[in-house]
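Accompanying notes for the structure given below.
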Amino acid sequence: MIRTEFLPDPLPPEPLALAADWLAEATRLAAQPNPNAMVLATVGAQDEPSARVVLCKEIVVAPGYVCFYTNYHSRKGRALAANPRAALVMHWDHLHRQVRIEGMVVAAPAAESDTYFASRPWQRRIGAWASEQSEPVASRAVLLDALAATATRFHAPVPGPEDDPEPVPPLVIPRPPHWGGYHLWASAVELWVEGESRIHDRARWERRLVPAAGAFAAGPWHATRLQP
Ligand SMILES: Cc1cc2nc3c(=O)[nH]c(=O)nc-3n(C[C@H](O)[C@H](O)[C@H](O)COP(=O)(O)O)c2cc1C
0 MIRTEFLPDP
10 LPPEPLALAA
20 DWLAEATRLA
30 AQPNPNAMVL
40 ATVGAQDEPS
50 ARVVLCKEIV
60 VAPGYVCFYT
70 NYHSRKGRAL
80 AANPRAALVM
90 HWDHLHRQVR
100 IEGMVVAAPA
110 AESDTYFASR
120 PWQRRIGAWA
130 SEQSEPVASR
140 AVLLDALAAT
150 ATRFHAPVPG
160 PEDDPEPVPP
170 LVIPRPPHWG
180 GYHLWASAVE
190 LWVEGESRIH
200 DRARWERRLV
210 PAAGAFAAGP
220 WHATRLQP
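See the structure below:
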């Protein structure tokens, strides 16, 4: 028997607080290694769709965006530069829940990316400089050579396991300009709860986004329950 709590009736006026609660519950239960994993779909300059998993760093309920980090020169970064519309999906099988979000993507403010980058383990900070994400590489050995050369450049040991402590004094590794956060501003959110006999519970919220100085002004949410 599937044990689920269906969506409230009437539906809440905005969906992201519930989505954030679901993410928090999945994180607390730790029933999967990356409960904040989400599939991010983009569309490139030639209209070609592509999707990959990234980690959700935060759902900012008000004003309503999802934050993730990546390389701005990667395939997804190039797609977002050409077409800033994107969709993402989170799924927690054991909780019988799915969240779908669609919207507009903007780069996070540089200061926000700097703060997050500085909080990352030193091995990942070196890796962000060493890897030209999504570009070809002749072999894994060539990649590891690039990693070692980058470590030398920052006066660091060659990165090993991530629980190796940071050398003392701490390394000085600035954020690469091509690495940082994105905010996906939600214009549509669907919450899905699995039901018995495929009689699932679904609702979709939509709102208008108007560009406003690197962010968006958002209209009110409109909620609709959907058939499964
Ligand atoms: C569980 C998991 C988490 C991941 N998290 C990220 C992430 O937060 N940022 C990122 O750039 N890539 C992440 N990746 C790697 C991406 O899926 C992808 O391989 C990479 O970003 C290159 O994608 P692109 O060529 O479409 O740009 C993750 C992969 C997995 C399986």
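Using this note's numbering, read the sequence shown as starting at 0 and increasing by one per residue.
The C-beta atom is built at its ideal place from N, Cα and C for all residues, glycine as well.
This one's a predicted model, so the numbers in the text were calculated from it and none came from an experiment.
- Counting C-beta pairs closer than 8 Å gives fewer than three between the region 217 to 224 and the region 126 to 144, which falls short of the contact rule.
- Pairing Pro-173 with Asp-113, the inter-Cα distance amounts to about 8 Å.
- Under DSSP, Arg-139 forms no beta bridge with any residue.
- Rounded to the nearest whole angstrom, the C-alpha separation of Pro-168 and Phe-67 is 29 Å.
- When the alpha-carbon of Val-192 is set against those of Ala-85, Thr-69, Arg-27 and Arg-99, the nearest one is in Arg-99.
- Assigned with DSSP and collapsed to three states, Tyr-71 falls in coil, not helix or strand.
- If you draw a straight line from the Cα of Val-59 to the Cα of Leu-15, it comes to about 8 Å.
- For Gln-226, the shortest separation between its Cβ and any heavy atom of ligand 1 does not lie below 7 Å.
- Beta-bridge partners assigned by DSSP to Ser-49: Thr-41.
- Phe-116 is classed as buried because its beta carbon has at least 16 other beta carbons within 10 Å across all chains shown.
- C-alpha of Val-105 to C-alpha of Pro-164: approximately 34 Å in a straight line.
- Around the C-beta of Arg-152, fewer than 16 other C-beta atoms lie within 10 Å, and the residue is accordingly described as exposed.
- Per DSSP, the beta bridge partners of Trp-178 are Asn-70.
- Look at Thr-114 here: in three-state DSSP terms it is helix.
- Met-103 has Arg-84 and Trp-184 as its beta-bridge partners, per DSSP.
- About 31 Å separates the Cβ atoms of Met-103 and Pro-120, ruling out a contact at the 8 Å cut-off.
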